[in-house]
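Participant: I am attaching a structure below and will ask some questions about it afterwards.
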Amino acid sequence: MLFSSVGDDMERLNKTLGRSGMRDMTKPSPCFYFLSDSALYSEEQQFASSLQGRLNAAFAEVCNAVELADSHNLEDLEWLAYWAGTFREAKEQGCDVLGSIVNAKDNQEPIVGSEQEDELSSFVHRLEGLVRDVEYFKKLVDLCPAS
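Each residue of the sequence shown is one higher than the one before, starting from 1 at the first, in the UniProt record's numbering.
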């Protein structure tokens, strides 16, 4: 799981959203002297915006799957109900991450630091993987009676 509790969520997310000091501790190689710190920061922000766009798209698909599951009776189909539970959990985690990104933007903080890009990227990738299953889930849920 990406986050474990509400208190941990905010603490870890603040760390995730803060700008990493790693670049300040290292010296650039001669071939990269032409890149200014602001250009690197801009690239980080573009990457973070790209991740946020991908996260928004995947989150919307997961929300649609949850709405569909909520509109059907899945009680007797344990495996399908379990799948719906997985989508609900992904929706909660995606909501937490997106909310934290919005809070960071409101506070004019960087969305991610270079150290935490991997964790956010991994979360987005896992969510996108789950979204690939949404089409099959929808087809199976459509076979179930509506509640």
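For glycine and all other residues, C-beta sits at the position ideal for the given N, C-alpha and C.
(1) How about VAL134 and GLU67: are their beta carbons less than 7 Å apart?
(2) Could you check the C-alpha separation between ARG126 and HIS72 for me, to the nearest Å?
(3) Using a 10 Å radius around the Cβ and a threshold of 16 neighbouring Cβ atoms, would you call GLY94 buried or exposed?
(4) Report the partner residues of HIS125 according to the DSSP bridge assignment.
(5) According to the neighbour-count rule (16 or more other Cβ atoms, all chains shown, within 10 Å of its Cβ), is GLN45 buried or exposed?
(6) Rounding to the nearest angstrom, what Cα-Cα distance links GLU78 and ASP70 in this structure?
(7) Using the Cα positions of SER50 and GLY129, report the straight-line distance between them to the nearest angstrom.
Facilitator: According to the data block:
(1) For the purposes of this step, residue 134 is taken as residue 134 along the sequence shown, with counting starting at 1. For the purposes of this step, residue 67 is taken as residue 67 along the sequence shown, with counting starting at 1. No, they are not a contact pair.
(2) In the sequence shown, counting from the first residue as 1, residue 126 sits at position 126. In the sequence shown, counting from the first residue as 1, residue 72 sits at position 72. Straight-line Cα distance between these residues: approximately 26 Å.
(3) Along the sequence shown, one-based indexing puts residue 94 at 94. Buried, since its Cβ has 16 or more Cβ neighbours within 10 Å.
(4) Translated into positions along the sequence shown, residue 125 becomes position 125. In DSSP, HIS125 forms no bridge with anything.
(5) Here the question's residue 45 lines up with position 45 in the sequence shown. Per the 10 Å Cβ criterion, exposed.
(6) Locating residue 78 in the sequence shown gives position 78, where the first residue counts as 1. Locating residue 70 in the sequence shown gives position 70, where the first residue counts as 1. Looking at the two C-alpha atoms, the distance is approximately 14 Å.
(7) As a working mapping, residue 50 is identified with position 50 in the sequence shown. As a working mapping, residue 129 is identified with position 129 in the sequence shown. For SER50 and GLY129, the distance between alpha carbons rounds to 17 Å.
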